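Input: a single structure, listed below in structure tokens.
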Amino acid sequence: MLGCGTLVTVTMHMTFFMREWLYYGVWDSQWSEMGAGMLRWGYAAWGLLLIIVVTSINPFRNRWFDHWILIHVFTMLAFFAMTVLHVNASCRLWTISPLVIWAIDSVLRIVSRLRRNTKFGRISTVKYSAILQSLPGEVTRITISNCVIKHHAGQYIYLTVHKLGIHSHAVTIASARDAADLVLFMKAKHGFTRRLLNCSSSALLPYAIGLPCSIEGPYGGSHTPMQAFDTVVLIAGGVGASFTTSLLQDLVNNPGCCRTIRFTWTIKAQSHACWYSDILIQCLRIASTRNIILKIDVHVTSETYPIEDRSSRSRLSVQGKPAEQDNSVCINSVAEIHSISRSPVLVTTDPRTERVKSVLTDIRYYCGRPDFHKLISSTVQSAQGESGIATCGPASMATSIRNHVVDISDARAVKKGTEAEAIYLHVEGQA
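For the sequence shown, position 90 (counting from the first letter as 1) is numbered 90 according to UniProt numbering, and the numbering increases by one without interruption.
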């Protein structure tokens, strides 16, 4: 957005001068008076700025990110150089100052990264290593062991895997902030993410364990803590659940004023449910011990078979533990969904088992896209205080949720003299 605004103002600056010179017929005299070199540098700077803006469009940037970042940096440096040659000597200080600020920021970031990612100040000794795991749906789970960083829920880091390139890529932290390991999820698209998935495949698995990596951050996060709201609605699409599961873990561990949590996750295939299954099961168990009402809905959009509303109950053994010590809620077949939903749960006298059994039934599977208006409206109406909504997913989903929140707020006349409580919305972008 800033680049587009700069291009518009520079274009206006250039066209206004050209229009006046052509209208009064002083084009040649102005070129001789101001200097042809000065004007040529100006036109060159405008052309470079146009290249920067055009190549920054999402399809180009996402498709060739590794090449785009190099083009972006070098064209920016060339643009500043052309601008310095174009302006008068008295104005060059204002042109050079942004480059100085950028250089200082780059140096500080490099020093901070070296301090965080190296042992005892030795650059040759890398501190962290990434363990890669390939998951269904072309998703790679990245686990960085013994990586304890001070981060808040919903924040992201810049990750660099040295054997796969020198570029840093933003990825949201999915693990809890007090966890010993840093857990990340990346959807394979092009370039780095595609190489990451290939490296984590079964054929290359021996090389995927212990890959040296470095991190920078954390950055971002939700501006308002979700603990300030009585009811929280978390909506995610695909790997956007990294953001919402981070908020969910923070809420169940430190609920604050929150008493009701509604977690809705949209995925394309049923096999994708295993991405965050261990995190969701753990959150359900913690919520059951802290009197938090937690409901989790998983919507499968690319499947057409019927799924019962009150679906999967995990099989429990006599000791009250999941069968084969697997906490995953991933369903591998249609028959398994119906068999699990119809299968009886063994009854024991252990109160912990009864609590786990009752909590696991709150995971519900649906076929098709969720009705966001109905979901948000019903949850907000039953809230006893202010409501907070956080979402991360495709741009179309974010736009839809924004519109529904506005419609619901208008219908309830929030902050317009009624007793309707306020609704807070945080939308996190997904690359």
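Ideal Cβ placement from N, Cα and C applies to all residues, glycine included. The model shown is predicted, which means the values in this text are computed figures rather than measured ones.
For this session: Assign S90 to one of three DSSP states: helix, strand, or coil.
Result: helix
Exercise. Looking at the unbroken beta strand (DSSP E) that takes in T224, where does it start and where does it end?
Worked result: Counting along the chain, T224 falls outside any beta strand (DSSP E), and DSSP gives it neither H nor E.
Exercise. DSSP puts A390 in a beta bridge; with which residues?
Worked result: L234, H426
Exercise. Is T95 closer than 8 angstroms to H72 when the C-beta atoms are compared?
Worked result: no
For this session: Kindly provide the ranges of any alpha helix (DSSP H) runs that are 4 or more residues long and lie completely inside the stretch 239-311, ordered along the chain.
Result: 241-253, 277-288
Problem set entry | Rounded Cβ spacing between H426 and A390 (contact assumed at less than 8 angstroms) | 5 angstroms
Exercise. Any idea if residue 478 is buried or exposed, counting beta-carbon neighbours within 10 angstroms, 16 or more meaning buried?
Worked result: Because the chain here runs from 1 to 431, residue 478 falls outside it and cannot be looked at.
Problem set entry | Closest residue to G210 among Y43, K163, G393, F243 (Cα-Cα distance) | K163
Exercise. With 16 other CB atoms within 10 Å as the buried threshold, where does T353 fall?
Worked result: Note that T353 scores 36 on pLDDT, short of 50, meaning its location in the model is unreliable and no value can be drawn from it.
Problem set entry | Between the CA atoms of K187 and L234 - distance to the nearest angstrom | 20 angstroms
For this session: Find the nearest neighbour of F263 within the set A170, A228, C147, I376, judged by alpha-carbon distance.
Result: I376
For this session: Report the rounded CA-to-CA distance for I52 versus S106, giving the unit in angstroms.
Result: 20 angstroms
For this session: State buried or exposed for E428, treating a residue as buried only when at least 16 other CB atoms are found within 10 Å of its CB.
Result: buried
Exercise. Buried or exposed: where does H13 fall if 16 or more other Cβ atoms within 10 Å of its Cβ makes it buried?
Worked result: exposed
Exercise. How about H152 and G221: do their beta carbons lie closer than 8 angstroms?
Worked result: yes
Problem set entry | Run of the alpha helix (DSSP H) containing R194, from where it starts to where it stops | 192-200
Exercise. Bridge partners of I408, per DSSP?
Worked result: The partner list for I408 (beta bridge, DSSP) is empty, contrary to what the question assumes.
Exercise. Straight-line CA distance for C330 to N291?
Worked result: Only weak support is given to the placement of C330: the predicted model assigns it a pLDDT of 39, under 50, and the question is left unresolved by the model.
Exercise. Which partner residues does M186 have in the DSSP bridge list?
Worked result: T140
Problem set entry | N- and C-terminal bounds of the beta strand (DSSP E) containing residue 436 | Given a span of 1 to 431 for the chain in the structure shown, any question on residue 436 remains unanswerable.
Exercise. Just how far apart, CA to CA, sit M34 and N403?
Worked result: 53 angstroms
Exercise. Expressed to the nearest angstrom, what Euclidean distance is found between the alpha-carbon atoms of residue 448 and D230?
Worked result: A question about residue 448 goes unanswered here, because the residues of the chain that appear run from 1 up to 431.
Problem set entry | Delimiting residues of the beta strand (DSSP E) encompassing A36 | Where A36 is concerned, there is no enclosing beta strand (DSSP E), although the alpha helix (DSSP H) it sits in stretches over 36-55.
Exercise. Can you find at least 3 beta carbon pairs, one from the stretch 16-27 and one from the stretch 65-84, that sit closer than 8 angstroms?
Worked result: no
Exercise. So, T224 versus A236, is the Cβ gap smaller than 8 angstroms?
Worked result: no
Problem set entry | Spatial distance of S387 from H167 (CA atoms) | 39 angstroms
Problem set entry | Length of the line joining the Cα atoms of Q227 and I261 | 11 angstroms
Problem set entry | Closest residue to Y365 among T418, Q384, K295, F17 (Cα-Cα distance) | K295
For this session: Closer than 8 angstroms by C-beta to Y43: which residues in its own chain qualify, once you throw out the five before and the five after it? Chain order, please.
Result: M14
For this session: Under 6 angstroms Cβ to Cβ from G238, same chain only, skipping five residues before and after it: list those, please.
Result: none
Problem set entry | Buried or exposed (CB count within 10 angstroms, at least 16 for buried), Y219 | exposed
Exercise. Rounded to whole angstroms, how far is the Cβ of A269 from the Cβ of G137, which I believe are closer than 8 angstroms?
Worked result: 6 angstroms
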